[in-house]
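A quick write-up on the structure given underneath.
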Amino acid sequence: DDATIQKYREAELKHGRVAMLATLGILVQEVFHPLFGGRISGPAIFEFQQVDNIYPLFWVIALSTVAAVEGLSITKGWETIAETRAAGRDVASLKEGYVAGDLGFDPLGLCPPLGSEEFYTMRTKELNHGRLAMIGIAGMIVQELILGPGADHGIFAKF
Numbered sequence: 410d411d412a413t414i415q416k417y418r419e420a421e422l423k424h425g426r427v428a429m430l431a432t433l434g435i436l437v438q439e440v441f442h443p444l445f446g447g448r449i450s451g452p453a454i455f456e457f458q459q460v461d462n463i464y465p466l467f468w469v470i471a472l473s474t475v476a477a478v479e480g481l482s483i484t485k486g487w488e489t490i491a492e493t494r495a496a497g498r499d500v501a502s503l504k505e506g507y508v509a510g511d512l513g514f515d516p517l518g519l520c521p522p523l524g525s526e527e528f529y530t531m532r533t534k535e536l537n538h539g540r541l542a543m544i545g546i547a548g549m550i551v552q553e554l555i556l557g558p559g560a561d562h563g564i565f566a567k568f
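Heads up: the sequence shown runs through residues 410 to 568, numbered per this note's numbering.
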């Protein structure tokens, strides 16, 4: 049904956005270390352990940020418990008229007006890029685990 598809679309957009950021991040961090005063370096696959050892509260802050974004998403897009019970359902659905993935954050004004043809074209592009990024980041992580030194394998060495 449409409500289930909307829930899946919401999840797919979130995971795709995270994967797009991760794909860029795994490559950039191999050569550019603006955070943590240069104390963390090496292949991306091993940096999680370094962050945990040097800055144990980093994950508390990171997970708190994720929780805040999820809270905003739930507040903006999901039915309340009362609305869910009134509709006779056990599981909450997205609010009527809520556009999956729309958290109202567009400081650069890049998103076309909701409902326009250009909006749906951009949304389709975002979904496709997110799908590709999910596959790409999984491949990069597997490559690092199997081959070792880094996902870039010298691509950025000249910089």
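From the three backbone atoms N, C-alpha and C, an ideal C-beta is built for every residue, glycine too. All values reported here derive from a predicted model rather than from experimental measurement.
Residues near residue i by beta carbon distance below 6 Å, same chain, minus five either side
i, result
"Y507", "G486"
Straight-line Cα distance separating residue j from residue i
i, j, result
"D515", "L472", "22 Å"
"R433", "P522", "It should be pointed out that residue 433 corresponds to Leu in this sequence rather than to Arg. In a straight line, the C-alpha of L433 is about 27 Å away from that of P522."
"I360", "E479", "What the structure shows of the chain is the stretch from 410 to 568, and residue 360 is not part of that stretch, so it cannot be assessed."
"L512", "G557", "38 Å"
"M531", "S525", "10 Å"
"P443", "T484", "34 Å"
"K423", "I463", "29 Å"
"M543", "V437", "17 Å"
"F445", "R498", "47 Å"
"Q552", "A431", "15 Å"
"Y529", "A496", "29 Å"
"Q459", "E505", "44 Å"
"E421", "P465", "30 Å"
"M429", "L517", "18 Å"
"I550", "A491", "43 Å"
Host alpha helix (DSSP H) of residue i (start-end)
i, result
"Y507", "Where Y507 is concerned, there is no enclosing alpha helix (DSSP H), given that its DSSP letter is neither H nor E."
"E535", "526-556"
"L430", "411-437"
"V460", "453-463"
Residues that residue i bridges to, as DSSP identifies them
i, result
"C487", "Contrary to the premise, residue 487 reads as Trp rather than Cys in this sequence. According to DSSP, which records beta bridges pairwise, W487 is partnered with L503."
Own chain residues within Cβ distance below 8 Å of residue i, not counting five before or after
i, result
"L503", "A412, Q415, K416, E419, G486, W487, E488, A509"
"D410", "none"
"V500", "T493"
"L554", "I454"
"Q527", "For the record, residue 527 in the displayed sequence is Glu; it is not Gln. Excluding sequence neighbours, E527 sits near P521."
"W468", "V460, D461"
> Counting pairs of Cβ atoms below 8 Å between the stretch 539-548 and the stretch 441-453, do you hit three or more?
Replying inline: no
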